[in-house]
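Here the structure is laid out as C-alpha cells; the discussion comes afterwards.
Number of protein chains: 2
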Amino acid sequence: MAVKNRNATMQDVAALAGVSMMTVSRVLADERKVRQVTQDKVQAAILQLNYKPNMSARSLASSRSRLLAFLYQNSSEGYVGQLLIGALKQCQACGYNLVVGSLDGKEEDFAKVLNGLLERNNIGGIILPPPLSDSTTVLDFLASIDIPVIKISPQKTQHGFSYVCMDESKAAFEMTEYLIKQGHTKIAFIKGPADHSGSHLRYQGFVKALEKHGLALPENYIEKGLFTYRSGFEAAEILLAQKDRPTAIFSCNDDMAAATLSVAQKCNLSVPDQLSVVGFDDAAIATSIWPPLTTVRQPILSMAEKAIDILIRQLEAKNTEADEEMPQKNVLDFDLVMRGTVLPPSAM
Amino acid sequence: MAVKNRNATMQDVAALAGVSMMTVSRVLADERKVRQVTQDKVQAAILQLNYKPNMSARSLASSRSRLLAFLYQNSSEGYVGQLLIGALKQCQACGYNLVVGSLDGKEEDFAKVLNGLLERNNIGGIILPPPLSDSTTVLDFLASIDIPVIKISPQKTQHGFSYVCMDESKAAFEMTEYLIKQGHTKIAFIKGPADHSGSHLRYQGFVKALEKHGLALPENYIEKGLFTYRSGFEAAEILLAQKDRPTAIFSCNDDMAAATLSVAQKCNLSVPDQLSVVGFDDAAIATSIWPPLTTVRQPILSMAEKAIDILIRQLEAKNTEADEEMPQKNVLDFDLVMRGTVLPPSAM
DNA sequence: ACAAATAATGATAGCGCTAACATATTGTGA
DNA sequence: TCACAATATGTTAGCGCTATCATTATTTGT
Chain A
192 MAVKNRNATM
202 QDVAALAGVS
212 MMTVSRVLAD
222 ERKVRQVTQD
232 KVQAAILQLN
242 YKPNMSARSL
252 ASSRSRLLAF
262 LYQNSSEGYV
272 GQLLIGALKQ
282 CQACGYNLVV
292 GSLDGKEEDF
302 AKVLNGLLER
312 NNIGGIILPP
322 PLSDSTTVLD
332 FLASIDIPVI
342 KISPQKTQHG
352 FSYVCMDESK
362 AAFEMTEYLI
372 KQGHTKIAFI
382 KGPADHSGSH
392 LRYQGFVKAL
402 EKHGLALPEN
412 YIEKGLFTYR
422 SGFEAAEILL
432 AQKDRPTAIF
442 SCNDDMAAAT
452 LSVAQKCNLS
462 VPDQLSVVGF
472 DDAAIATSIW
482 PPLTTVRQPI
492 LSMAEKAIDI
502 LIRQLEAKNT
512 EADEEMPQKN
522 VLDFDLVMRG
532 TVLPPSAM
Chain B
192 MAVKNRNATM
202 QDVAALAGVS
212 MMTVSRVLAD
222 ERKVRQVTQD
232 KVQAAILQLN
242 YKPNMSARSL
252 ASSRSRLLAF
262 LYQNSSEGYV
272 GQLLIGALKQ
282 CQACGYNLVV
292 GSLDGKEEDF
302 AKVLNGLLER
312 NNIGGIILPP
322 PLSDSTTVLD
332 FLASIDIPVI
342 KISPQKTQHG
352 FSYVCMDESK
362 AAFEMTEYLI
372 KQGHTKIAFI
382 KGPADHSGSH
392 LRYQGFVKAL
402 EKHGLALPEN
412 YIEKGLFTYR
422 SGFEAAEILL
432 AQKDRPTAIF
442 SCNDDMAAAT
452 LSVAQKCNLS
462 VPDQLSVVGF
472 DDAAIATSIW
482 PPLTTVRQPI
492 LSMAEKAIDI
502 LIRQLEAKNT
512 EADEEMPQKN
522 VLDFDLVMRG
532 TVLPPSAM
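So the protein sequences, as listed, match chains A and B.
Residues 192 to 539 in our numbering are what the first sequence lists, from first letter to last.
Residues 192 to 539 in our numbering are what the second sequence lists, from first letter to last.
Structure (C-alpha cells):
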C-alpha cells in the first residue's frame, strides 16, 4: 500500500525549515520563545514531511517521566474499563504512557504494592478511580510521597488532591424536574447507601426539585436501598404495595431501577404506561433490560480525559517549579438519557 | 520515605558485575549467548541494584517497535474494558506499550482510520477483540499490509490469523451435565442469534450432554433468542407457559438468563426452588440480579494475556526472520461459577 | 597438540531528541 | 547614537541503551 520511506526525523524538519533542531524542538514544546514566522515555517515543514516526534527519544533526552499510573480495585465494573479507555486515549494524545495497577489484596499491603509499582516504573502521576479515590490508606500513602494525584468522583474532598466529578445533585434535580414536567406529582425515591459517593447528593437534588415545584414529600415514598438489585427489589415492593401508589419512582442507581421494573411486572403494572421509572448512572443494565431505562449518563470518558489533562498539568508545573493552583476541582456536565421508562401518569 | 538515589543504569550493573554493558544487555534479551556463570553474576548485580531497564532508551536504540494496538468497537461493553486491562498488564510485563484505537465510524472509513493510526505510531502488532475479530473489512485490510494480528474469540477462523478463544462447546456441555447431575431431566435452552460467535457452539455442547445422558430434546424446549434481555424475556414466557414446564433453563447468555428470572417471578415461580436457571458469560448482570446467577465464566483476563504473548512472539519472530508456526490457536479454560440459581428439581 | 571452527565478550558509534549554555538578533532608554 | 537588556536562535554534549563488528576465550577434530 503505502511506500515505506523512513519516517521523517526532526533533523529533516529542521533542514527543510532552514532552522536548527532546537528551534523545531521548541516549536513542539515551548511555543512561547519562537517568533511567529519561524513557527510557521517549522509547522509547514512538519506538515509537509508528516513528521511525528519519536516518543522514546523524547523521554530519553528529557528524562522526564511521561508515565502515569491508573490504579484500580474491583476491575469487574464496566465503569473502570470505560475510564481506562478514556484515560489511555488522552495519554496518547498528550504523549504520555499509562500503566495500570490493581490493588486487590489486603488494605495493609497497599503501601507495599504501591511502593513497588512506583519505584519500578518511575511514575510521574496517579489517577485514582473510585473506590480508591476514597481509600484513606492509599490517599495517605500518596500524600506522604508527594506525587501528583487526581481523584475521580471522590466522596470526600479533603487530602488536598485535585479531582474531577459531575454535579450529581444537579443531575438528580433535573431528572426530577423532568418527571414533574411530565405531570407526575406522586414521585417516590429509592435512596442509596449513606456512605456512598453521590448517594446523598442525588437525594438532595431530588428534594430540591420537589420543593421548587411545591410538591409534597411523603415519608412513605422514600425507601432506603443499598445500590444492589436485591435491595432495590425490596424497596420497590414496599413502595408499590401501598394503597396510594406513586406514579413514578426515581431510583438512585440503575441496578435498583432495573429491580423496580421487575417488581412492577410482578404487580402487573406496565412500565411506562402505569408507572414511570428512572435510574442513575447509565450502567450496562440500563439498556439490557426492557423497556430500556431512562437515566442519567455520567460523562465517564470526559472525566477520564479531563483527569489526565489535570494530572499532566500538575506534573509539568511540578517539573518547572511553576505554581499551579491546587487543588484543581473540575465539575463536568452530565446527560439525561431519555429512553423508554417514562410517560405522563395515566389518568387513574 | 524511600531515599531517592538515582536509578541504577545498565552501566552500574555492568561495573558491579565486572562485565561490559553489552553482556548485561544480552542477559536481558538473548539469554542464549551468555555463559551461565556470567548470567548469574549479572543477575545478582541487577538484583542488588534493583536495576530496571529504561524503556525509552531501549526502544530508541533498537528502533524496534514495541508498540501494539488494541482496536475496538462498541466500547460500552464491560468485556472490552476487561480485555484491555489484561492486555495492558501483559504488555507492561513484556516491556511493550499499547495504544487503543476505536473504530466506530462507517465501515468504509475503517481502512483510512487504520492506516492513519498505524502510520502515526509505528505499530508492530494488533489485537482484535470481538466484534472486530470477525470484521472482513478490517481483517482484509490488515492482511494486505502484513502485520502480526491476534484475534480474540473469533467466529470464523480463516484469514490465517492467530487467535485465542475458549472451548464454548465444552463449557456448555459441562454446565448441562451439572444440571443433569442435580437431577434435572426437563431442561430447556434459549439459543443465541445464529450469526454470533459461540452461539452455535454452546447449543452444540448442550445437545451433546443431553445425548450422553440419554435425555430427550423436545422441540418445544428450545427457543430462539437474540442475546438481548427482551428476546430472553419472550423466549422464557413461551417456555414457562407450557403445561409440562421445564425444571431448568439454560440460557445462551446472562442477559437472557436475567430476563428468565424476571419471567419466573412474574409467574410466581421461585428460583431456584421451582426453577433452575443458568447463563453464560458471567457478565456484570449475573451478580447484580437476585438470586445471583450460576453461569460460565469466560477467562477474559487470561485471554488478553495469552493474546499479547502470542502477538509479541510473532512480532519477534518476524523481526529475527525466524519461522514461527502460523497461525497460533489457543484454547483456554473456563470456569463454571456456581451461584444461587440452581437446585435439584422439587418433587412436584 | 595445534590450527580451525565456534562461542563468549568487548569497543565503538549512534538511535532521535532535549538541557544547558553560547551566540546572534532585536528592542529600549538616555 | 550607543550601551544594555531582552528576546530569539544555534551549538554542544549527552540521555541509556543496542547494533555491529572486532576481539578474545573455548571447544573441536585429527
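Each residue gets a CB set at the ideal place from its N, CA and C atoms; glycine is no exception.
At a C-beta separation below 7 angstroms, A:K457 has these neighbours in chain B: Q456, K457. About 13 angstroms separates the beta carbon of B:T532 from that of B:V487, a gap too long to meet the 8 angstroms contact definition. Nearest CB-CB separation between A:G272 and chain B: below the 8 angstroms threshold. Put simply, the CB of B:I440 is far from chain A, with every gap to its CB atoms at 8 angstroms or more. Approximately 5 angstroms separates the beta-carbon atoms of A:I317 and A:V340; this is inside 8 angstroms, confirming the contact. In the displayed model, B:L259 falls within a strand according to three-state DSSP. Residue burial is scored here from C-beta neighbours: A:D435 has fewer than 16 other C-beta atoms within 10 angstroms and is therefore classed as exposed. Judged by DSSP in its simplified three-state form, A:M246 adopts helix. The C-beta of A:R223 has fewer than 16 other C-beta atoms within 10 Å across all chains shown, which makes the residue exposed.
Comparing alpha carbon positions, the residue from B:Q234, B:S353, B:D526 closest to B:I503 is B:S353. Taking 8 angstroms as the cut-off, the Cβ atoms of B:L294 and B:L279 do not count as close. Listed by position along chain A, the residues whose Cβ is nearer than 8 angstroms to that of B:V329 form an empty set, because the closest Cβ is around 14 angstroms away. Three or more Cβ pairs drawn from the stretch 417-430 of chain A and the stretch 445-452 of chain A lie within less than 8 angstroms of each other, which places the two stretches in contact. If you check the CB distance, B:L323 and B:L274 do not come in under 8 angstroms.
Taking B:L370 as the centre and dropping the five residues before and after it, the same chain places the C-beta of I378, A439 closer than 6 angstroms to its C-beta, in chain order. Short of 6 angstroms from the beta carbon of A:V218, and not among the five residues preceding or following it, lie these beta carbons of its own chain, in chain order: V225, Q230, V233. Nearest Cα to A:T328 within the set A:K403, A:L305, A:L309: A:L305. Residue-level contact by beta carbon fails for A:I317 and chain B, as no gap is shorter than 8 angstroms. Straight-line measurement puts the Cα of B:K415 at about 6 angstroms from the Cα of B:I381. Contact annotation: A:Y287 and A:R257 have beta-carbon atoms nearer than 8 angstroms.
Taking C-beta atoms under 8 angstroms as the contact rule, B:S360 and B:L392 qualify, at a distance of about 4 angstroms.
With the criterion set as a beta carbon lying under 7 angstroms from some beta carbon of chain A, the members of the stretch 272-300 of chain B are G272, Q273, L275, I276, L279, K280, Q283, N288, V290, V291, in sequence order. It is roughly 19 angstroms from the alpha-carbon of B:S493 to the alpha-carbon of A:I276.
At a C-beta separation below 7 angstroms, A:G383 has no neighbours in chain B, since its nearest C-beta there lies roughly 14 angstroms away. Membership of A:C282 in the alpha helix (DSSP H) is indicated by the continuous run 269-284.
Of all residues in the stretch 414-446 of chain B, only T419, Y420, R421, F424, D446 come within less than 8 angstroms of chain A when Cβ atoms are compared, listed by chain position. Counted as a single uninterrupted DSSP element, the stretch harbouring A:E222 is not any beta strand (DSSP E), since DSSP gives it neither H nor E. Taking the beta carbon of A:G531 as reference, no residue of chain B falls within 9 angstroms; the closest one sits roughly 11 angstroms away. Nearest Cα to B:D325 within the set B:E516, B:P437, B:F525, B:K342: B:K342. The residues P482, G531, T532, V533, L534, in chain order, have a CB closer than 7 angstroms to that of A:P463 in the same chain once the five nearest residues on each side in sequence are set aside. Pairing B:G396 with B:F364 gives a Cβ-Cβ distance under 8 angstroms.
Of all alpha-carbon atoms in B:N411, B:T376, B:G269, B:A362, the one lying nearest the alpha-carbon of B:I476 is that of B:G269. For chain B, the residues of the stretch 246-260 of chain A that bring a beta carbon within less than 7 angstroms of one of its beta carbons are S247, A248, S250, L251, in chain order. Among the residues of the stretch 458-492 of chain B, those with a Cβ less than 7 angstroms away from any Cβ of chain A are A475, I476, S479, I480, W481, in the order of the chain.
In the structure shown, A:T485 falls within a strand segment according to DSSP collapsed to helix, strand and coil.
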